[in-house]
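This report refers to the structure that appears directly beneath it.
There are 4 protein chains.
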Amino acid sequence: MSEDEVLLQQLFEEEKLTDKQKKIIIAAIESFSEKGYAATSTNEIAKKAGVAEGTIFRHYKTKKELLVSIVAPLMTKLIGPFIVNDFHKVLDRPYENVEDFLRAAIKNRSDIIKKMLPVIKIVIQEIPFQPELREQFIEQVARKTFERILQVIKDYQDKGQLIEMPTLSVARLAISSIFGFLISRYILFPDSEWDDELETERTVQFIMHGLAVKD
Amino acid sequence: MSEDEVLLQQLFEEEKLTDKQKKIIIAAIESFSEKGYAATSTNEIAKKAGVAEGTIFRHYKTKKELLVSIVAPLMTKLIGPFIVNDFHKVLDRPYENVEDFLRAAIKNRSDIIKKMLPVIKIVIQEIPFQPELREQFIEQVARKTFERILQVIKDYQDKGQLIEMPTLSVARLAISSIFGFLISRYILFPDSEWDDELETERTVQFIMHGLAVKD
Amino acid sequence: MSEDEVLLQQLFEEEKLTDKQKKIIIAAIESFSEKGYAATSTNEIAKKAGVAEGTIFRHYKTKKELLVSIVAPLMTKLIGPFIVNDFHKVLDRPYENVEDFLRAAIKNRSDIIKKMLPVIKIVIQEIPFQPELREQFIEQVARKTFERILQVIKDYQDKGQLIEMPTLSVARLAISSIFGFLISRYILFPDSEWDDELETERTVQFIMHGLAVKD
Amino acid sequence: MSEDEVLLQQLFEEEKLTDKQKKIIIAAIESFSEKGYAATSTNEIAKKAGVAEGTIFRHYKTKKELLVSIVAPLMTKLIGPFIVNDFHKVLDRPYENVEDFLRAAIKNRSDIIKKMLPVIKIVIQEIPFQPELREQFIEQVARKTFERILQVIKDYQDKGQLIEMPTLSVARLAISSIFGFLISRYILFPDSEWDDELETERTVQFIMHGLAVKD
DNA sequence: GATGAATGAGCGTTCATTCAT
DNA sequence: AATGAATGAACGCTCATTCAT
């Protein structure tokens with residue numbers, strides 16, 4: 001199974017996709033993420049996919065519907081495992097301390113981001129301009145995940161492992177650090193040499209203890 | 001002087017802009033930042049600016065040149081003060097400890113970001129797709145600023161105020177936290193109520209001491 | 001079969017042309033030859049052809065490609081018969097004397113010119129400005145034909161039917177006379193009354209014996 | 001006096017031209033003859049002339065008026081000397097025989113053509129598309145000159161130096177040969193090496209005696 | 001007289017979308 | 001289901017021309 005096939009399977013698990021449809025989606029992901037949605041023509045997608053232009057519109061009423069069909073499942077998939085798995089894990093208290101949880105969270109997201117990189121780029125680029133996507137994102141991702149995250153934070157605060165501070169602020173600071181790492185690692189400087197294990201640990205330690213010298 | 005006038009003056013300090021040119025730039029900034037560069041038509045800009053479409057092309061040979069002419073000065077302006085001012089300040093040792101420096105850095109960037117927000121959005125959106133911009137950004141912003149930042153970090157490490165860790169990693173962690181704050185504050189949730197003083201302080205404390213409970 | 005159909009068939013013998021394509025070509029020939037290539041808009045061609053403007057660009061990537069596609073086959077067709085037929089005829093010595101050859105040459109060219117007139121006008125008008133066409137013309141028409149003509153002249157000189165003079169000069173003089181006739185006949189004064197037989201004969205006699213009174 | 005100055009003086013003898021006007025005309029002649037009237041923009045002419053675009057329209061109401069103002073004087077000048085001078089010369093019987101007359105005619109036209117070449121190219125290119133020019137050409141050049149030429153021919157026929165044949169046909173044949181020479185010499189192959197004296201003589205001899213071998 | 005900024009119609013071309021096959 | 005020719009609106013851009021300075 002090729003790399004593209006894997007990506008497709010992850011994004012469109014249950015859906016039945018014809019062969020042509022797969023080709024269209026792969027071509028669209030590639031073009032959208034390279035040149036942006038608005039700057040990509042359906043003609044170009046059709047050529048890259050090796051299908052007739054009309055075929056695209058047989059499966060997706062409009063170009064925007066094609067975009068949404070690609071991006072929407074990511075929202076569920078990207079988030080789903082986090083919520084479903086980790087929720088239970090956390091409730092089951094597999095991570096007795098925060099640091100283990102952070103390490104797991106970073107690792108977990110890393111795997112997905114690596115695979116979904118082109119689609120993630122599309123989401124980031126298009127969310128500001130496509131109200132449809134933004135709404136979906138806020139609805140499905142932001143809200144659900146956020147609630148979960150806030151609760152996790154609260155749990156650890158209750159356990160006395162995190163300082164007292166509004167959970168929203170805690171969330172912002174922790175998420176900034178994690179996303180800052182992932183964005184640096186996979187989007188800004190993917191070509192630098194990275195010791196993933198080491199940088200993950202540094203990030204975790206930073207979140208916990210900051211940069212100040214301890215006496 | 002209107003808010004737009006202020007923005008223009010800051011971006012195009014020395015340049016002589018005709019009245020129509022100002023209108024074009026303001027209209028372009030608005031449209032580009034709202035709908036994206038590719039999705040904005042020159043016709044639309046002309047209408048919003050109240051000029052003939054031809055007038056745009058009298059001043060800017062192509063649509064892309066208009067984009068660059070808006071975005072390029074930001075790169076200098078956004079960065080200039082940081083380097084020039086803070087460089088000297090740091091060398092002159094006005095900030096004896098890191099925390100003061102961080103507070104100043106956040107404050108300094110906040111002011112500019114607030115004013116330049118729409119242009120900054122354009123830069124963020126278009127850099128991935130416009131090699132011209134990316135190059136300029138890397139050349140003028142990333143390189144220069146990064147060197148400066150790394151040096152500042154090293155200084156504080158030498159003074160024993162920051163832990164020993166590769167400066168690049170320190171930079172990544174600190175910058176993530178600061179940008180995480182600014183992006184949350186001005187781009188993601190500009191409409192929430194923010195106690196700027198307090199959140200700045202929380203960010204600074206986080207960078208220094210992390211989230212772990214101290215005994 | 002209409003007159004236009006004949007022209008098309010002659011120019012695009014082997015090629016499969018859709019109905020719309022035929023209409024586009026006929027409209028383009030008409031407009032180009034009436035107003036010149038640069039002064040003809042694609043919009044105008046589309047309207048005259050009764051198709052959408054986009055349809056033109058589906059078949060021809062650019063306006064210039066449309067021009068070339070019309071003019072290029074003429075170069076082959078105009079010249080082909082001359083070379084192939086006449087070459088063999090001459091070698092087979094069907095024209096024992098020059099006068100017969102000249103008569104045949106004029107007649108042969110007349111038929112084609114009559115049919116191709118509008119396209120020929122386009123070629124003449126555009127060759128000075130379209131390097132692409134000029135090259136093609138020199139390559140396919142001028143070179144091949146010229147070699148052939150020079151050889152024919154040499155043959156007749158060897159047979160003692162033409163005076164000794166550099167073949168290039170002989171060619172220039174004979175060709176001037178023939179083209180002078182054809183241009184007068186079909187382009188400058190097509191509306192005058194012409195006794196084609198008689199004027200052809202006069203031209204032939206002129207080429208052979210000039211205008212001086214013989215004693 | 002530069003070469004351009006000479007051309008201007010010859011074309012605009014009596015007219016008072018400002019310095020800018022001269023520059024405009026020279027620039028226009030160059031561009032029109034290189035790229036054609038329709039494909040030349042007034043902006044381009046202005047730049048080449050080193051004047052503001054508005055200046056062109058101060059002197060010539062429209063672009064077409066500029067074309068006509070350049071081309072019209074040629075019609076008079078090109079023809080004028082022929083009619084005026086040669087008319088009297090012929091009446092004064094300076095050329096006792098046709099051959100001398102032909103030599104003089106070719107020589108006379110050669111000089112002018114050499115100087116006026118770019119303007120002549122413009123005339124040839126634009127006459128088919130500019131009814132205004134065509135009318136002017138027919139009126140001033142064709143008619144007057146033609147009458148004169150026909151009369152000259154008739155004179156020589158009466159003197160028994162030219163064969164009996166409709167003067168129109170005689171004219172056509174002679175003019176074809178002369179123009180065929182001039183066009184080959186100055187327009188088609190200006191870069192070949194030409195022995196002007198010799199080719200002129202060959203042309204004259206051809207017109208008189210043709211190409212057939214005399215016994 | 002000369003300028004050049006401004007115009008808006010029109011240019012060649014591309015686009016997402018439709019539909020007969 | 002798949003095609004690809006056809007569409008016409010919209011695109012970025014150029015043009016000849018105007019006019020306040």
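Protein sequences, first through last, are from chains H, G, Y and X. Anchor point for the first sequence: position 36 equals 36 in the UniProt record's numbering, and the numbering is continuous, going up by one each time. Anchor point for the second sequence: position 29 equals 29 in the UniProt record's numbering, and the numbering is continuous, going up by one each time. Anchor point for the third sequence: position 80 equals 80 in the UniProt record's numbering, and the numbering is continuous, going up by one each time. Anchor point for the fourth sequence: position 37 equals 37 in the UniProt record's numbering, and the numbering is continuous, going up by one each time. All residues carry an ideal CB built from backbone N, CA and C; glycine is no exception.
* For Ile-153/Y, which of Pro-131/Y, Met-165/Y, Gly-36/Y has the nearest alpha-carbon? -> Met-165/Y
* Asked: Who pairs with Ala-212/Y in a beta bridge, going by DSSP?
  -> Leu-162/X
* **Candidates Gly-36/H, Ser-41/H, Ile-56/H, His-209/H: closest to Phe-22/H by CA position** => Before going on, a small fix: residue 22/H reads as Lys here, not Phe. Minimum Cα distance to Lys-22/H is reached at Ile-56/H.
* To do: Compare the C-alpha of Thr-62/H against each of Asn-108/H, Arg-185/H, Ser-41/H, Lys-77/H and name the closest.
  => Ser-41/H
* What's the C-alpha gap between Asp-100/G and Met-208/H? -> 21 Å
* Please name the residue in Phe-137/G, Glu-5/G, Gln-10/G whose C-alpha comes closest to that of Ile-113/G. => Gln-10/G
* Hey, how far is the Cα of Ile-25/H from the Cα of Ala-39/X? -> 45 Å
* Compare the C-alpha of Gln-130/X against each of Gln-140/Y, Lys-35/Y, Phe-12/Y, Glu-3/Y and name the closest. => Lys-35/Y
* Asked: By how many angstroms is the C-alpha of Ile-45/H removed from the C-alpha of Leu-173/G?
  -> 39 Å
* Asked: Relative to chain G, which residues along the UniProt domain "HTH tetR-type" (18-78) of chain H have a C-beta separation below 7 Å, given in chain order?
  -> Lys-35, Gly-36, Ala-38, Ala-39
* Sequence-distant residues of the same chain with beta carbon closer than 7 Å to Ser-31/G, five excluded per side -> Thr-40, Glu-44, Ile-45, Lys-48
* To do: Determine, using beta-carbon pairs with one atom in the segment 124-142 of chain G and one in the segment 71-78 of chain G, whether at least three such pairs fall under 8 Å.
  => yes
* Asked: Is it the case that the Cβ atoms of Leu-182/H and Arg-103/H are separated by a distance below 8 Å?
  -> no
* **Exposed unless 16 or more other CB atoms sit within 10 angstroms - verdict on Ala-52/H** => exposed
* **Inter-residue spacing [alpha-carbon to alpha-carbon] between Glu-132/Y and Leu-17/Y** => 24 Å
* To do: Could you list which residues in chain H have their beta carbon closer than 7 Å to that of Pro-131/G, in chain order?
  => Within chain H, no residue comes near Pro-131/G; the closest Cβ sits about 11 Å away, beyond 7 Å.
* Among Lys-159/H, Lys-20/H, Glu-193/H, Val-213/H, nearest to Asn-97/H - alpha-carbon criterion -> Lys-159/H
* To do: Measure the Cβ-Cβ separation of Ser-177/Y and Thr-200/Y and say whether it is below 8 Å.
  => no
* Contact set between Ala-105/Y and chain X, taken where Cβ atoms lie within less than 7 Å -> Within 7 Å Cβ-Cβ: nothing; Ala-105/Y doesn't reach chain X, min ~14 Å.
* May I have the straight-line CA-CA distance separating Ala-27/G from Glu-65/G, to the nearest angstrom? => 15 Å
* **Inter-residue Cα distance where the pair is Gly-54/G and Tyr-60/G** => 10 Å
* Asked: In this structure, does DSSP put Pro-118/H in helix, strand or coil?
  -> helix
* Could you tell me which uninterrupted alpha helix (DSSP H) segments, each at least 4 residues in length, are contained entirely in the segment 3-75 of chain Y, listed from first to last along the chain? => 3-11, 19-35, 42-49, 53-59
* Per-residue contacts from Pro-190/G into chain H (C-beta, under 8 Å) -> By Cβ distance, chain H contributes nothing, its closest Cβ being about 13 Å from Pro-190/G, past 8 Å.
* Asked: Are Gly-180/X and Gly-210/Y touching if we call contact CB-CB under 8 Å?
  -> no
* Asked: According to the Cβ coordinates, are Val-119/Y and Met-75/Y closer than 8 Å?
  -> no
* **Contacts that Pro-128/X makes with chain Y (C-beta to C-beta distance below 8 Å)** => Gly-36, Lys-121, Gln-125
* To do: Would you kindly report the start and end of the unbroken alpha helix (DSSP H) that includes Gln-140/H?
  => Unbroken run through Gln-140/H: none, as it is neither H nor E.
* Count the other C-beta atoms from every protein chain shown that fall within 10 angstroms of the C-beta of Leu-188/H, then say buried if there are 16 or more, exposed otherwise. => exposed
* Does Phe-206/G get closer than 8 Å to chain H when you measure Cβ to Cβ? -> yes
* Neighbour flag for Gln-151/X against chain Y, beta carbons, 8 Å -> no
* Under 8 Å Cβ-Cβ, which residues of chain H neighbour Glu-139/G? -> What Glu-139/G touches in chain H: nothing, since even the nearest Cβ is about 16 Å away.
* **Where Gln-130/X sits in the DSSP three-state scheme** => coil
* To do: Sort Arg-58/X, Lys-115/X, Tyr-37/X, Lys-77/X by Cα distance to Glu-14/X and report the nearest one.
  => Lys-77/X
* **Candidates Glu-147/Y, Lys-115/Y, Ile-122/Y, Ser-169/Y, of which the one nearest Leu-198/X by Cα** => Ser-169/Y
* Where does Ser-192/G land, buried or exposed, given buried means 16+ other C-beta within 10 angstroms? -> exposed
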